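Enquirer: Just so we're aligned: 474 in UniProt numbering is position 474 of the first sequence, and the numbers increase by one with no gaps anywhere. Got a structure for you, questions after.
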Amino acid sequence: MVKPLNQNLIFRVPSTCISRQNKLYHFHTKTQLIQRLQDCNDITSVSFSHTNVLKSGFLNDTFTTNHLINSYVRFRRTNDANQLFEEMREPNVVSCTSLMAGFINVRRPKSALLIFGKMLESRVLPNAFTFATVVNACSMLADLRTGQKIHSHVETFGVQCNLVVCSSLIDMYGKCNNVDDARRVFDGMDYRNVVSWTSMITAYGQNALGECALQLFREFNGLPLSSPNHFMLASVINACASLGRLVSGKVAHAAVIRRGHESNDVVASALVDMFAKCGCIGYSDKVFRRIPDPSVIPYTSMIVGAAKYGLGKFSLDIFKEMLDRRIKPNDVTFVGVLHACSHSGLVDDGLEYLHSMHKKHGVVPDTKHYTCVVDMLGRTGRLDEAYQLAKSIQVEPDQGALLWGTLLSASRLYERVDIAVEASKWLIESNQQVAAAYVTMSNTYAMAGKWENVHSIRYEMKHNGVYKEPGCSWVEIRDSAYVFYAGDVSLCARGSEVASLLRELERRMKERGYVGGSRGLVSVDVEEEAKEEIVGLHSERLALAFGLISIPKGVTIRVMKNLRMCRDCHEAFKLISEIVERDFVVRDVNRFHHFENGSCTCRDFW
DNA sequence: TTAGGGTTAG
Numbered sequence: 001m002v003k004p005l006n007q008n009l010i011f012r013v014p015s016t017c018i019s020r021q022n023k024l025y026h027f028h029t030k031t032q033l034i035q036r037l038q039d040c041n042d043i044t045s046v047s048f049s050h051t052n053v054l055k056s057g058f059l060n061d062t063f064t065t066n067h068l069i070n071s072y073v074r075f076r077r078t079n080d081a082n083q084l085f086e087e088m089r090e091p092n093v094v095s096c097t098s099l100m101a102g103f104i105n106v107r108r109p110k111s112a113l114l115i116f117g118k119m120l121e122s123r124v125l126p127n128a129f130t131f132a133t134v135v136n137a138c139s140m141l142a143d144l145r146t147g148q149k150i151h152s153h154v155e156t157f158g159v160q161c162n163l164v165v166c167s168s169l170i171d172m173y174g175k176c177n178n179v180d181d182a183r184r185v186f187d188g189m190d191y192r193n194v195v196s197w198t199s200m201i202t203a204y205g206q207n208a209l210g211e212c213a214l215q216l217f218r219e220f221n222g223l224p225l226s227s228p229n230h231f232m233l234a235s236v237i238n239a240c241a242s243l244g245r246l247v248s249g250k251v252a253h254a255a256v257i258r259r260g261h262e263s264n265d266v267v268a269s270a271l272v273d274m275f276a277k278c279g280c281i282g283y284s285d286k287v288f289r290r291i292p293d294p295s296v297i298p299y300t301s302m303i304v305g306a307a308k309y310g311l312g313k314f315s316l317d318i319f320k321e322m323l324d325r326r327i328k329p330n331d332v333t334f335v336g337v338l339h340a341c342s343h344s345g346l347v348d349d350g351l352e353y354l355h356s357m358h359k360k361h362g363v364v365p366d367t368k369h370y371t372c373v374v375d376m377l378g379r380t381g382r383l384d385e386a387y388q389l390a391k392s393i394q395v396e397p398d399q400g401a402l403l404w405g406t407l408l409s410a411s412r413l414y415e416r417v418d419i420a421v422e423a424s425k426w427l428i429e430s431n432q433q434v435a436a437a438y439v440t441m442s443n444t445y446a447m448a449g450k451w452e453n454v455h456s457i458r459y460e461m462k463h464n465g466v467y468k469e470p471g472c473s474w475v476e477i478r479d480s481a482y483v484f485y486a487g488d489v490s491l492c493a494r495g496s497e498v499a500s501l502l503r504e505l506e507r508r509m510k511e512r513g514y515v516g517g518s519r520g521l522v523s524v525d526v527e528e529e530a531k532e533e534i535v536g537l538h539s540e541r542l543a544l545a546f547g548l549i550s551i552p553k554g555v556t557i558r559v560m561k562n563l564r565m566c567r568d569c570h571e572a573f574k575l576i577s578e579i580v581e582r583d584f585v586v587r588d589v590n591r592f593h594h595f596e597n598g599s600c601t602c603r604d605f606w
């Protein structure tokens, strides 16, 4: 049944305006009132103009009230805008769309969807503006189902050819991890502009399809009169970062400089992040130092980049510099800070940062911070503290998977069967990483020589139909990807040659003082630790590439992206790559997109 | 004649 949008029609004068009534100016014409509203520079003048609108009797005029709603929305006063909307006699499509946009701006997408729902039941029909707005609410919520329903309404209302609606839909499908539908919308467009191309490039980049993103960027550059702007370049840089592709990243950097976007905060942050992920923290630092007035985001990119690179002290120095400049850290900054402590053996400092987060900086620690600290304690063998901390946190199953998975890995490393059992139990009962939990628990028992337990776990896995996908990796050589499974050396005709090469490499690393093995690296000197870790991981990377070892999904891959090659590794990799190219066939690469930002590519180092 | 789309750190 069609019904009016609003039923309560009691007009209220905003309290801020009542006290100012004696100072009222009188704008009698609608044009003057609207002009005054558009000129408002702060919320006080909006409230003042609101009173003028009321006094002049134009509050019944939908057009004028829409301007007033927009003014409130502009200053993020959605509750005031909503109240006005509720009191309108005849809200129209602009009133609804403006309010919806306001809710989205203050990150209240559900409120926007509620308005849209009301619209569908009313006489007010949505238009292209409405759809372009409401689709954003679904992107924000990553709510594919609602997004699809709205897409069908887009078709029903005949706005499927609208450029802006299509760009929103591409973005929505991308954010909901449905790249195929994003591409379908993109392909179905009669006309595209730089925004629609950017939406599609971003959708690829955000879904670990960096190669597709770069391919699309190449296509865009081939178009006549096309020119990327800073939005597009930021997306492209992000794609390079996710691929660890330094050469493409440098090309994008050159384009940024050529087009004068170097000091753009967003682009510069993307560059800082990209160079760090490509193993060039020095370049990150150079780009960062050229940002005229860096905000929390480039600072955080730099802190995280340095932390991941193993430069813990450097990372913490940047954090201190940021505080000195009175830039307020946020939750992501603290992930970087805790990571820096974790990777530099600064456990007590890390604990102090955790405790000071809320007290000093007003950032409430959440699961991701506790996971960092569990990892930090676990790495140095403080398993009991790590376990106590994990137990003390109330988490939802999906959020706790990383926390308890981290604890499980650390327990295995230090052969703490008791804690490994508890962590596995949590994961299995929460239905998270079940196969990995079983296998790790079984391996922990094996390390402790408890073979009966190993057999019983294997039996339980079989009985419950739990199957662990073998660990895998892939390398890119020229334009082909080569995929390898753990233990699957037989595929390579020269597998034994590769294995002996790896053994030789490991021997040479040990000669230089690398301490590998199940306990990982133990070192006091931060810089030295970083170097050793890099060399050590190279060995793992080479072995992983040939399926000789299994590495937990998604964990080491991410770390490995940041590595640089030492001379020995470089030579070994060169030789191995020649063998790979000759003896392997391209496999099904799409299977591996479940690796978050998954990339093991090394071609830029060759 | 008011309202709409794309970007950066975990």
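Note that CB positions come from ideal geometry on N, CA and C, so glycine has one too. This structure is a prediction, so every number in the text was calculated from the model and none was measured.
#1: What is the C-beta distance between A307 and H355, in whole angstroms, given that I count them as a contact (C-beta under 8 Å)?
#2: Drop a sphere of 10 angstroms on the beta-carbon of L120, count the other beta-carbons inside from all chains shown, and report buried for 16 or more, exposed for fewer.
#3: In angstroms, rounded to a whole number, what distance separates the CA positions of V46 and R36?
#4: Go through the segment 336 to 397 residue by residue and report every complete run of the alpha helix (DSSP H) that reaches 4 residues or more, in order.
#5: Among L413, D398, H369 and T406, whose alpha-carbon lies nearest the alpha-carbon of G381?
#6: Take M172 and list the residues in its own chain whose beta-carbon comes closer than 7 Å to its own, dropping the five residues that flank it on each side.
#7: Run through DSSP, which three-state label would S226 get?
#8: If I'm right that M100 touches T133 with Cβ under 8 Å, what's the distance once you round it to whole angstroms?
#9: Could you round the C-beta distance between D324 and S301 to whole angstroms and report it? I think they count as a contact, below 8 Å.
#10: Helix or strand or just coil, what does DSSP make of A401?
#11: Locate the alpha helix (DSSP H) running through P298, then write down its first and last residues.
#12: Does the beta-carbon distance from A213 to G205 come in below 7 Å?
#13: Apart from the five residues on each side of it in sequence, which residues of its chain come closer than 7 Å, Cβ to Cβ, to N229?
#14: Can you tell me whether N464 is helix, strand or coil according to DSSP?
#15: Taking C-beta to C-beta, are residue 608 and S95 nearer than 7 Å?
#16: Considering only the beta carbon of each residue, do D331 and S295 sit closer than 7 Å?
#17: Do S315 and P292 come within 7 Å of each other at the CB atom, strictly closer than that value?
#18: For E211, count neighbouring C-beta atoms within 10 Å of its own C-beta (all shown protein chains included) and say buried if the count is 16 or more, exposed if not.
#19: So, helix, strand or coil for H153, using DSSP?
#20: For L383 versus I419, is the C-beta distance shorter than 7 Å?
#21: Of all the options A128, T44, V256 and V304, which has the alpha carbon lying nearest to the alpha carbon of V337?
#22: Would you identify the three-state DSSP class for Q432, choosing helix, strand or coil?
#23: I'd like the span of the alpha helix (DSSP H) that includes T198, first residue to last.
#24: Write down the C-beta distance between V439 and K468 rounded to the nearest angstrom, noting that I regard them as a contact closer than 8 Å.
#25: Indicate the three-state DSSP secondary structure (helix, strand or coil) for I237 in the structure shown.
#26: Can the beta-carbon of C166 be found closer than 7 Å to that of V179?
#27: What does a CB cutoff of less than 6 Å around Q432 pick up in its chain, not counting 5 residues either side in sequence?
#28: Find the nearest neighbour of V53 within the set G282, S71 and K118, judged by alpha-carbon distance.
#29: Quick one, are the C-beta atoms of S235 and I201 less than 7 Å apart?
#30: By DSSP, does R89 sit in helix, in strand, or in coil?
#31: Nearest CA to the CA of T62: which residue from A270, D80 and M88?
#32: Does the separation of the CB atoms of T371 and V395 fall below 7 Å?
#33: E415 and M447 look like a contact to me (Cβ under 8 Å); what is the Cβ gap, rounded to whole Å?
#34: Rounded to whole angstroms, what's the CA-CA distance from G57 to T29? Just pull it up for me.
#35: Here's a check: name, in chain order, each residue in its chain whose Cβ is nearer than 7 Å to the Cβ of P365, leaving out the five neighbours to either side.
Expert: Answer, in terms of the structure:
#1: Contact doesn't hold; Cβ gap of about 19 Å is too wide.
#2: exposed
#3: 9 Å
#4: 347 to 361, 367 to 379 and 383 to 392
#5: L413
#6: V135, C138, S139 and G147
#7: coil
#8: 5 Å
#9: Incorrect: roughly 18 Å between the Cβ atoms, too far for contact.
#10: helix
#11: V296 to Y309
#12: yes
#13: V194
#14: coil
#15: This structure does not reach residue 608, given that the chain is present from 1 up to 606, and the question cannot be answered.
#16: no
#17: no
#18: buried
#19: helix
#20: yes
#21: V304
#22: coil
#23: V194 to Q206
#24: 5 Å
#25: helix
#26: no
#27: P397 and A401
#28: S71
#29: yes
#30: coil
#31: M88
#32: no
#33: 5 Å
#34: 10 Å
#35: L354, M357 and H358
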